[in-house]
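Those letters in the sequence shown? Residues 0 to 339, by numbering that gives the first Met the number 0.
Take a look at the structure below.
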Amino acid sequence: MKKGEKLIRLKQLEIERQLELGGIWVSDEIWRRYGIQRALMDSFSGRNHNFNLERITFLLAVNRFYEPSSDLSALEWINEWAYSQTGAERDWIYDTLKVLVDEKREVEKKILENLKDKLDTSLDLVFYDLTSTYFEGDGPELADFGYSRDGRPDKVQVVLGIVMADGIPIAHQVWPGNTTDKSTLEEAVKDLKKRFDIRNVVFVADRGLISTDNLEELEDEGYDYILSTNRRKGNLVEDLLVKNIPGDEEIRTEEVHSENDRRYILCLNEKRRKKDLKRLRKGRKKCNKELWKLRDRFEESQEGRGRPMTEKGVMKRAEKIIRGHKRIFDLDFDGTLEWG
Numbered sequence: 000m001k002k003g004e005k006l007i008r009l010k011q012l013e014i015e016r017q018l019e020l021g022g023i024w025v026s027d028e029i030w031r032r033y034g035i036q037r038a039l040m041d042s043f044s045g046r047n048h049n050f051n052l053e054r055i056t057f058l059l060a061v062n063r064f065y066e067p068s069s070d071l072s073a074l075e076w077i078n079e080w081a082y083s084q085t086g087a088e089r090d091w092i093y094d095t096l097k098v099l100v101d102e103k104r105e106v107e108k109k110i111l112e113n114l115k116d117k118l119d120t121s122l123d124l125v126f127y128d129l130t131s132t133y134f135e136g137d138g139p140e141l142a143d144f145g146y147s148r149d150g151r152p153d154k155v156q157v158v159l160g161i162v163m164a165d166g167i168p169i170a171h172q173v174w175p176g177n178t179t180d181k182s183t184l185e186e187a188v189k190d191l192k193k194r195f196d197i198r199n200v201v202f203v204a205d206r207g208l209i210s211t212d213n214l215e216e217l218e219d220e221g222y223d224y225i226l227s228t229n230r231r232k233g234n235l236v237e238d239l240l241v242k243n244i245p246g247d248e249e250i251r252t253e254e255v256h257s258e259n260d261r262r263y264i265l266c267l268n269e270k271r272r273k274k275d276l277k278r279l280r281k282g283r284k285k286c287n288k289e290l291w292k293l294r295d296r297f298e299e300s301q302e303g304r305g306r307p308m309t310e311k312g313v314m315k316r317a318e319k320i321i322r323g324h325k326r327i328f329d330l331d332f333d334g335t336l337e338w339g
């Protein structure tokens, strides 16, 4: 050691701060390899900014993998943790997002052109799916109340449509939160056929989101679709649910054609079936016990013992008892509480 130098052991060192590196480098390689960087640079070529729009877009995208949060949190992550040390400013984030909205169609088109070349992505068949995202606050202008896939009908939301080809998202659209699936489908299909010359679109949607009338319209227009059917939706579905699916595999399927020429794919998971049966039997036993207690209290009240009870009060309490198991109980009142 030289004079004045001090020996420090590794265990004496404390890491106070470290920059992200590996994940960003890997993401950057994928970004460049599949032509996303080139697509953005071409789309942004006519715009003059005092910062690199493509690099800020890249870092915002990578931030979604690391710490998805608000725009300001993304800015903090870019400046404090990203290896690039860009010294980004708040206006850079907002300006980049505005440009992306303005150039959305061109960006999607150029990225798809590169993916078709790099991955041989086929547009012979694409899938169109819908989701939604809600906001804790007021949200953007498009935010509105509508069917909530998150189970939060009390929150405003936006509806997001995504187009997938070979498992890769190639286009998207955002609609007001009260937009119906059918209306987004019509707009999306016309747009896809015009922009990408897509021949066949399959509509994928959650159960209960498409009415019978809308389903018939889809068929009349020649659109293919994949829907999850609500088990309480009509006699046909009830008949199909009790149909035996042959085979001894733990998970098995069978295709059934109905009179209206719709195809139903029946799926049976033996492990799940046994688990559900056990849960239902346990729930039924517990509900039966509570219903008998309620019936005894009502009959005692009719004999002048205990607190008086009315038919309305009994049925209300009975409904509360079977909450979560309503589909396996049939309540009635004929002089006293009855169920089956």
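For glycine and all other residues, C-beta sits at the position ideal for the given N, C-alpha and C.
For Y224, the uninterrupted beta strand (DSSP E) run begins and ends at D223 to L226, by DSSP. Y127 counts as buried, since at least 16 other C-beta atoms from the protein chains shown sit within 10 angstroms of its C-beta. Boundaries cannot be given for E88, as no alpha helix (DSSP H) includes it and DSSP labels it neither H nor E. Listed in chain order, the non-local C-beta contacts of P307 below 8 Å within the same chain comprise S300, local neighbours out to five positions each way being set aside.
By alpha-carbon distance to L114, the top candidate from E140, A164, K315 and T85 is A164. About 7 Å separates the beta carbon of V162 from that of A187, a gap short enough to meet the 8 Å contact definition.
Considering only L276, E248 and L59, the residue with the shortest C-alpha distance to W91 is L59. By alpha-carbon distance to R316, the top candidate from D333, R304 and F297 is F297. An exposed status is given to F64, since fewer than 16 other beta-carbon atoms sit within 10 Å of its beta-carbon.
The C-beta of S42 has 16 or more other C-beta atoms within 10 Å across all chains shown, which makes the residue buried. Of the residues L159, W291 and E102, the one whose Cα lies closest to the Cα of N177 is L159.
The beta carbon of Q172 sits closer than 8 Å to those of L159, G160, T183, E186, A187 and D190, all from its chain and outside the five residues before and after it, given in chain order. With 16 or more neighbouring CB atoms inside 10 Å of its own CB, E19 falls in the buried class. Taking V313 as reference, the option from R322, R294 and R304 with the minimal CA-CA separation is R294. In the three-state reduction of the DSSP assignment, W174 falls in the strand class. With respect to R104, S131 sits apart: the two C-beta atoms are not nearer than 8 Å. The DSSP assignment places 250-256 and 262-268 as complete runs of the beta strand (DSSP E) inside the stretch 248-308, in order along the chain (cut-off: 3 residues).
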